[in-house]
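Chains as they are written, first to last, in our numbering: chain A, 1 to 320; chain S, 321 to 671.
Below, the structure written as structure tokens:
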């Protein structure tokens, strides 16, 4: 076991898998000499050389497009998109091609590709550096979307993503990069894609969160008999774990830092309503960002869901 | 500090076979009589396929189809230069490339009949699925070229696209990356003058499309796209350069889309019949026939025989296509992810 930050955990798994598998290559802006703007890929260029740790032109669409070609050729490319707000420039490649190559070619060509990107707010960064638009990507079949909530889950989920036969978007909660250290098991382990984790057992209410919101939720739940689910995989999300918990608790609060309208919380709420409504003792509540574009740092605290809002939602469902 | 010229450029235009069937002998690539006959036969096959596809669409036996009439030299001439190890990235109007490379004809029909199984490339070929979203396949060719370079495979990635694609961001991003990394990739533009109803003058203010490569640090050459020998020579030169490790090349084939954009289009709405008539005189098949006739490689009887063979091959392919069992709807789920999600699995059962 070693105490690692999320940055160190991600760096470690990238290095270990590159050492094990010469199909794994990294490409993106500033990933080589600079080690990435968050230093996630630090030390990998001297270890693996410029043919495997590739500083590309500033060209998100071509980076993802080229990675699609590399994946089809038999490599295992790992793309770093510098911030989630720059993913939109590659959205066409992800939706038009990465998600469809398998289906379109009836599996003659596949796309085992990982796109890593820092996401989420709370770091007082410029415009488009704090986006949380995971639902845009979760809406597209053929792409998996995962979001770790700390160093341990980052390592296990990333290794699973690197070995997945299909494209995976790996969302790294920027606020958590260096927020805390965690004991991280040394050597190989994977957290299966598609599986959520119950991180706290409880009997009266279920709280579902992911990414950096999990950390806020865990600060609040102490005074409730709350079961907390770390969703980990956003698409396809673990319906069974969610429903099993709802059947037990009968109450649910979904917390995400993305905007409320058409957020992933809506899909989770609809699934619960369709499949477990008779178990519910209270309305399904969402704690989410308001329906505005992500503000600049001075208004950021009015945008991100707070511990107080989570507590208020818990109080409200417990009143029923 | 005086002003000085830091860069100048020139764009070459290559033309070998003229409309009367005469060739510029010093430029003529070394092709045997048998190879020239194979090129001709591939062009006839492509035109025969095209004609039959239009007829089948009108009969309701095929879906929307984008004809290639007029572009046979540009497609056959370029595809003819490839090696089996090369990877092919077609747009949606590259039937002549598929046919030249030996893609199963029945699968081409199957695709245009609206069936994904038509895109299953045989194992001995590497042809990516056709790209419907204009120009977005260019970065894929770049990525495959990066992988070939990393693996030190002596192969080349070749992408075909139209003049409209040169206005897309992925064209520029892909070209730029190919130039920066000096990749083994060849870009072939079928400049057929029209992107549906929009003429070339609305795609670019540049004199040629070929010159766009120069800004990305590699050579762009313009060729007479209705001249199968010029297209073949330019492609051969570009592939040789790529295999030597000397980087990418852009080939602009100046040609003409003689038919509508697709079977859902009516080109008479936006272009003058005189323009189409002028290009009919430059038909790539006629000039090759004239050349072959002059060389004693063509006769009416031979021409008839080639056409009959093409018709027979097309008839057989249509028969096979129409005899294919209907697609299994659960394949939608089986082919989206390697392992369907529980929800997908349930949706498949509920069909």
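Positions of the beta carbon are idealized from the N, C-alpha and C atoms, including for glycine.
Contact check, residue 227 (chain A) vs residue 250 (chain A) under 8 angstroms by CB: the rounded distance?
-> The beta carbons of residue 227 (chain A) and residue 250 (chain A) sit about 11 angstroms from each other, so the pair does not count as a contact at 8 angstroms.
In or out: residue 9 (chain A) buried (at least 16 other Cβ within 10 Å) or exposed?
-> The residue is buried, with at least 16 neighbouring Cβ atoms inside 10 Å.
Determine which residues share a DSSP beta bridge with residue 144 (chain A) and list them.
-> A:168, per the DSSP bridge assignment.
Using a Cβ cut-off of 8 angstroms, pull out every chain A residue sitting near residue 484 (chain S), in sequence order please.
-> The premise fails here: residue 484 (chain S) is roughly 16 angstroms from chain A at the closest Cβ pair, so nothing lies under 8 angstroms.
At 9 angstroms on the CB atoms, spell out the chain S contacts of residue 75 (chain A), in chain order.
-> Residues of chain S passing the Cβ test: 463, 466, 467, 470 and 471.
At a Cβ threshold of 7 angstroms, is residue 656 (chain S) touching chain A?
-> Chain A, which has a Cβ nearer than 7 angstroms to the Cβ of residue 656 (chain S), makes this yes.
Exposed unless 16 or more other CB atoms sit within 10 angstroms - verdict on residue 619 (chain S) | That one is exposed.
Chain A residues whose Cβ lies nearer than 9 angstroms to that of residue 494 (chain S) = Result: 59, 61, 62, 65 and 66.
By the criterion of Cβ-Cβ separation under 8 angstroms, what are the contact partners of residue 448 (chain S) in chain A?
-> For residue 448 (chain S), the C-beta contacts it makes with chain A under 8 angstroms involve 72, 105 and 109, in order along the chain.
Can a CB atom of chain S be found closer than 7 angstroms to the CB of residue 225 (chain A)?
-> No, because no Cβ of chain S sits closer than 7 angstroms to the Cβ of residue 225 (chain A).
6 angstroms Cβ shell around residue 388 (chain S) - same chain, five flanking residues per side excluded = The beta carbon of residue 388 (chain S) lies closer than 6 angstroms to those of 370, 413, 415 and 416 in the same chain, with the five residues before and after it left out.
Taking only beta-carbon atoms, is residue 102 (chain A) less than 7 angstroms away from chain S?
-> It does; some Cβ of chain S falls within 7 angstroms.
Should residue 233 (chain A) and residue 194 (chain A) be called a contact, given that it needs their Cβ atoms to be closer than 7 angstroms?
-> The answer is yes: Cβ separation under 7 angstroms.
Tell me which same chain residues have a C-beta within less than 8 angstroms of the C-beta of residue 601 (chain S), skipping the five on either side of it?
-> Sequence-distant partners of residue 601 (chain S) (beyond 5 residues in either direction) whose C-beta falls short of 8 angstroms from its own C-beta, in its chain, are 339.
Chain S within 7 angstroms of residue 30 (chain A), Cβ atoms only = So, not an interface residue.
Report the three-state DSSP secondary structure of residue 435 (chain S) (helix, strand or coil).
-> Residue 435 (chain S) falls in the coil class under three-state DSSP.
CB contact check: residue 335 (chain S) to chain A, cutoff 7 angstroms = No, residue 335 (chain S) does not count as interfacial toward chain A.
Terminal residues of the beta strand (DSSP E) in which residue 624 (chain S) lies = Element bounds for residue 624 (chain S): not the beta strand (DSSP E) but the alpha helix (DSSP H), 620 to 643.
Roughly how far, in whole angstroms, is the beta-carbon of residue 627 (chain S) from the beta-carbon of residue 368 (chain S), given that I think they are within contact range, below 8 angstroms?
-> Right, their Cβ atoms sit about 7 angstroms apart.
Closer than 7 angstroms, CB to CB, is residue 427 (chain S) near chain A or not?
-> No, no contact with chain A.
Beta-bridge pairing of residue 227 (chain A) - partner residues as DSSP gives them | Beta-bridge pairing links residue 227 (chain A) to A:206.
Taking 7 angstroms as the cut-off, decide whether the C-beta atoms of residue 321 (chain A) and residue 65 (chain A) are in contact.
-> The shown model of chain A, from 1 to 320, leaves out residue 321 (chain A), and the question about it has no answer.
Of the choices S:663, S:666 and S:653, whose alpha-carbon is the least far from that of residue 104 (chain A)?
-> When S:663, S:666 and S:653 are compared, the shortest CA-CA separation from residue 104 (chain A) is found for S:653.
Alpha helix (DSSP H) containing residue 254 (chain A): first to last residue?
-> From DSSP, residue 254 (chain A) is part of no alpha helix (DSSP H) but of the beta strand (DSSP E) over 252 to 259.
How do the stretch 266 to 283 of chain A and the stretch 174 to 193 of chain A stand: do at least 3 beta-carbon pairs fall below 8 angstroms, yes or no?
-> The stretch 266 to 283 of chain A is not in contact with the stretch 174 to 193 of chain A.
Do we get a CB-CB distance below 7 angstroms when we pair residue 497 (chain S) with the residues of chain A?
-> Under the 7 angstroms criterion on CB atoms, residue 497 (chain S) is classed as interfacial with respect to chain A.
State yes or no: is the C-beta of residue 90 (chain A) within less than 7 angstroms of the C-beta of residue 60 (chain A)?
-> A contact, by the Cβ cut-off of 7 angstroms.
Could you tell me which of S:516, S:660 and S:473 sits nearest to residue 582 (chain S), measuring between CA atoms?
-> Each of S:516, S:660 and S:473 was checked against the Cα of residue 582 (chain S), and the nearest Cα belongs to S:516.
For my contact list, residue 577 (chain S) and residue 474 (chain S) are in at a C-beta cut-off of 8 angstroms; report their separation, rounded to the angstrom.
-> Not confirmed; about 35 angstroms, so no contact.
Determine the DSSP secondary structure at residue 481 (chain S), reduced to helix, strand or coil.
-> Strand.
Does the distance from the CB of residue 565 (chain S) to the CB of residue 538 (chain S) come in under 7 angstroms?
-> For residue 565 (chain S) and residue 538 (chain S), no; Cβs fall outside 7 angstroms.
Sequence-distant residues of the same chain with beta carbon closer than 6 angstroms to residue 458 (chain S), five excluded per side | Once the five neighbours on either side are set aside, the close Cβ partners of residue 458 (chain S) are 479, 490, 491 and 494.
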